[in-house]
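J.:
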Amino acid sequence: MSNERIALVTGSNRGIGLEVAKQLSDQGVKVILSGRSQEKLQEVKAAWTGKVAPLDTIELDITKANDRARAAQKIAEQYGRLDILVNNAGVIVEGEWAQNNSETISQDDLQTTFDINLFAQIGLTQELLPLLKKSKAARIVNVSSILGSLAVNADAESGWSAVKPFAYNASKAALNMFTVSLSQSLAETGIKVNSAHPGWVKTDLGTSAAPMEVTDGASTVVDLALIDNDGPNGQFVHLGEAQPW
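Here is the structure:
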């Protein structure tokens, strides 16, 4: 088995996902870029500035079971294993999202948010687990948010408790539960599973008002993707510090 690590980063055509892919490549990781548009992925590949050129591109809508299966089949046939999975793709679909809450959220917004931010993440991870189990030391990083922390949301003094995109917050809380559950289920395999809070980052989702640059936001994700065997497992992390669930 080659010592070169192979990573799949979802939503890696822009924002945090793209920066994570670049930073992983700078560490010698061979990255498979993925996103819903092959055209955009090819544009990213053509303009690539990372140290190691992207290994491949996969057109992948994570909400579609057929796309998930095709991605797993392609990786299996061409590379035989997967060392790193970064579940980065995610959305906020709520209008007036800073004011939205459990009284006003629509069923459509709830369904769409959970389809992308939770159900598809679980489905893709399950599809790729056989390939991850073939790695010497696989890593799964679920890109979450401090807005998914029940402790932070329950603390009126936290500074975040007033931010109420309910569907987004709830989906990230559920994603964190997936992290905890999967990390325990895979504890004997050597696979480490963690949630990352990148921070409030200047991206299309985070907006230009965010205080952190995308390079800094990606660093937490990259660090968790590259942890040693004595690194954290089943944790929620931001810039090296454990966050409250």
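Numbering (the numbering used here), first residue to last: 1220 to 1464. Where a beta carbon is used, it is the ideal one built from N, C-alpha and C, also for glycine.
Mind checking which residues open and close the alpha helix (DSSP H) that includes N1388?
T.: 1385 to 1404 is the span of the alpha helix (DSSP H), which, as asked, contains N1388.
J.: Would you give the residue range spanned by the alpha helix (DSSP H) that K1293 belongs to?
T.: It spans 1284 to 1297 - the alpha helix (DSSP H) in which K1293 sits, taken as one unbroken run.
J.: What are the boundary residues of the beta strand (DSSP E) that includes D1275?
T.: Run containing D1275: 1275 to 1278, per the beta strand (DSSP E) assignment.
J.: Hey, out of Q1246, V1239, Q1454, S1404, whose CA is closest to G1436's CA?
T.: Out of Q1246, V1239, Q1454, S1404, V1239 has the C-alpha closest to the C-alpha of G1436.
J.: So, helix, strand or coil for V1250, using DSSP?
T.: Residue state, collapsed to three classes: strand.
J.: Between the region 1258 to 1267 and the region 1293 to 1301, do at least 3 Cβ pairs fall closer than 8 Å?
T.: The answer is no - the region 1293 to 1301 does not touch the region 1258 to 1267, with fewer than three Cβ pairs under 8 Å.
J.: What number of angstroms, rounded off, separates the C-alpha of A1373 from the C-alpha of G1367?
T.: Looking at the two C-alpha atoms, the distance is approximately 11 Å.
J.: What number of angstroms, rounded off, separates the C-alpha of G1269 from the C-alpha of K1241?
T.: Spanning the two alpha carbons is a distance of roughly 5 Å.
J.: Rounded C-beta distance between G1309 and N1285? I'm assuming under 8 Å.
T.: G1309 to N1285, Cβ: 21 Å. No contact.
J.: Do you know offhand how far R1233's Cα is from I1446's?
T.: Each residue's Cα considered, the two are about 24 Å apart.
J.: Going along the chain, which residues of its own chain have a beta-carbon closer than 6 Å to the beta-carbon of E1223, five neighbours each way excluded?
T.: Excluding sequence neighbours, E1223 sits near K1249.
J.: Quick one: is A1389 buried, meaning 16 or more other Cβ sit within 10 Å of its Cβ, or exposed?
T.: So A1389 counts as buried.
J.: Given a cut-off of 8 Å, decide if A1226 and A1444 are closer than it, judged by their beta-carbon atoms.
T.: In this structure, A1226 lies closer than 8 Å to A1444 by Cβ.
J.: How many Å lie between H1416 and T1276 at the Cα?
T.: Distance between the alpha carbons of H1416 and T1276 is about 26 Å.
J.: Quick one: what's K1241 bridged to in DSSP?
T.: In DSSP, K1241 forms no bridge with anything.
J.: Which stretch, first to last residue, makes up the beta strand (DSSP E) that contains N1222?
T.: No beta strand (DSSP E) contains N1222, which DSSP labels as neither H nor E.
J.: Give every residue of the same chain whose Cβ lies closer than 6 Å to the Cβ of A1393, excluding the five residues on either side of it in the sequence, and list them in chain order.
T.: The answer, listed in chain order, is L1337.
J.: Between A1461, K1259, R1255, Y1298, which has its C-alpha nearest K1283's C-alpha?
T.: Of the listed residues, the one whose Cα sits closest to K1283 is R1255.
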